[in-house]
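Scroll down for the structure; my scribbles are underneath it.
Number of protein chains: 2
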Amino acid sequence: MPHSLLKFQPQKGLVVWLTGLSGSGKSTLAQALAAELTASGHAVYILDGDTLRRGLCADMGFNREDRAENIRRAGEVAALFADAGLVCIAAFVSPYLEDRARARRMVPPGQFIEVFINAPIALCEERDPKALYRKARADLIPFFTGISDPYEPPAPPDVEVKTGELNVAQSVNLILEHLRSRL
Amino acid sequence: MPHSLLKFQPQKGLVVWLTGLSGSGKSTLAQALAAELTASGHAVYILDGDTLRRGLCADMGFNREDRAENIRRAGEVAALFADAGLVCIAAFVSPYLEDRARARRMVPPGQFIEVFINAPIALCEERDPKALYRKARADLIPFFTGISDPYEPPAPPDVEVKTGELNVAQSVNLILEHLRSRL
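Dropping the structure here:
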C-alpha cells in the first residue's frame, strides 16, 4: 500500500473501477461521472486502457499474462491516485475476476467500488465505437474479449449498470447513489 | 502523452524530479517541499522509489535493464499526476542520464524540472539513513549506486541543491525559486 501523503482537499480517495465489454459504455460513463463529481467539488482523474497502453503499459499485449500485468499496473496506479485523495475512475475491460480482485486489494477497504457496465454483446457490437468488433470478426484482432477471449462478470459487483436499459444520466445517478456514502 | 482530463484546480501540473545518491536528502526535501507547496494551496503528490518498488515496480531489480524499466514506469506515473494537475514530486536515485531524459519527454515541455540533490558520497555514507551503504560495503547489496554502480550527474540540471552546504529550508527555497514561474 502506498504511504499516506499530503492531501490538498479533505476528501477520501476512491477507486471507481468500471469493468465491461468494449462498447459497453465505460468511457462515456467515466467522462459523465467525472463531470458530475467535479461539479460537486471533488478531485477526479480518469485512467483508462487506451491511455495506459500508450504509456505505462505500452509493452503489454492481450494474452492472459499480459492482461494480468496490465490490470496489475492499472490497479497500482489507481491506488496511488486514491492515496493522493482523488476519486480515480478506472475504466478497463478487465475481463478476469482474479485480476479485478487483486486491484481491489491494492486499495484500503471500502475505497474500491466495482461497477459492472453491463450491455449485451450484440448491443456493444452494434455500437462498436472503435470498429474493434468488426476487426475481431475479421480475425484481425486476436484475444478479443467477448469474441475470442472470455469475460468473467463480477459476482456480484458493487453496482451494476445496464447501459442497454438506462440512459447516461440515469446510469451516472445509479453510480453516484453508491458513491455518496463513501465521499 | 496522457490525454487531458478534468482538473479540480486551475493549476498546471508539474513534475519536480529529484535525482541523487541514496542519503543525499531526496526524501527529506520532497517532504519539506510538499509541505511548502501545500501550504500555498498547491495540489501535491510525492512518488518515490521505495513506494513504487513495493507496488507498481515490485517485479523489478537493480540491474541496468530493470533500473531503466523502473524509471520508465515512474516517469509515466509522474506524467499522469502532472496531467491530473498536480505537482508531482518524484524522488528517485535515477542514476542514468538516458532514463531521466526519457522521463522528461513524457511530460509536456516546461513541465519537468530536474533537481540534482548533490551531496558528496562520503556525506551520504555518513548519513546512511537506511543503513544501505553499510550493507553495500559488506557486499550484501549488488548494483549499489555510488559503490558498485555508476551515478551520472545531470549536465546540467534545472536546479542543483548541495545538501552538504545548505540546510533544508535553504534547499527548499532554492527549488521554490525555480518553480514559481511555472506554477
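Protein chains in written order, with this note's numbering: chain B, 1 to 183; chain P, 1001 to 1183.
Glycine is no exception: its CB is placed at the ideal position from the N, C-alpha and C atoms.
Checklist entry - By how many angstroms is the C-alpha of residue 1051 (chain P) removed from the C-alpha of residue 30 (chain B)? => result Going by the C-alpha atoms only, they are around 28 Å apart.
Checklist entry - Got a sec? Which residues, its chain only, sit under 6 Å from residue 46 (chain B) by beta carbon, not counting five neighbours each side? => result These residues qualify, in order along the chain: 30, 34 and 89.
Checklist entry - Given that residue 1077 (chain P) touches chain B, what residues does it touch there, using C-beta distances under 8 Å? => result Under the 8 Å cutoff, chain B gives 56, 77 and 80.
Checklist entry - If you measure from the beta carbon of residue 1039 (chain P) to each beta carbon in chain B, is any gap under 7 Å? => result Judged by the 7 Å Cβ criterion, residue 1039 (chain P) is not in contact with chain B.
Checklist entry - Under 8 Å Cβ-Cβ, which residues of chain B neighbour residue 1068 (chain P)? => result None at all; the shortest Cβ gap to chain B is about 12 Å.
Checklist entry - At which residues does the alpha helix (DSSP H) containing residue 46 (chain B) begin and terminate? => result Per DSSP, residue 46 (chain B) belongs to no alpha helix (DSSP H); it is in the beta strand (DSSP E), 44 to 48.
Checklist entry - Which partner residues of residue 1116 (chain P) appear in the DSSP bridge assignment? => result Looking at the DSSP assignment, residue 1116 (chain P) forms a beta bridge with P:1019 and P:1160.
Item to check | residue 1014 (chain P) versus residue 1028 (chain P): straight-line alpha-carbon distance, rounded | outcome: When rounded, the distance between both Cα atoms is 19 Å.
Item to check | residue 138 (chain B) vs residue 144 (chain B) beta-carbon contact at 7 Å | outcome: Not a contact, by the Cβ cut-off of 7 Å.
Checklist entry - Within 10 angstroms of its Cβ, does residue 20 (chain B) collect 16 or more other Cβ (buried), or is it exposed? => result Within a 10 Å sphere around the beta-carbon of residue 20 (chain B) sit 16 or more other beta-carbons, which makes this residue buried.
Checklist entry - residue 155 (chain B) lies in the alpha helix (DSSP H); which residues open and close that run? => result That residue, residue 155 (chain B), is in no alpha helix (DSSP H); it is neither H nor E in DSSP.
Item to check | Same chain, Cβ closer than 8 Å to residue 1157 (chain P), five either side skipped, listed in chain order | outcome: Counting only Cβ-Cβ distances below 8 Å, and skipping sequence neighbours, we find 1019, 1114, 1115 and 1116.
Next on the checklist: Comparing C-alpha positions only, which one of P:1118, P:1087, P:1112 and P:1110 sits nearest to residue 1093 (chain P)?
Outcome noted: Here the closest residue by C-alpha is P:1118.
Item to check | Beta carbon proximity, residue 1084 (chain P) to chain B, threshold 7 Å | outcome: At least one chain B Cβ lies under 7 Å of residue 1084 (chain P).
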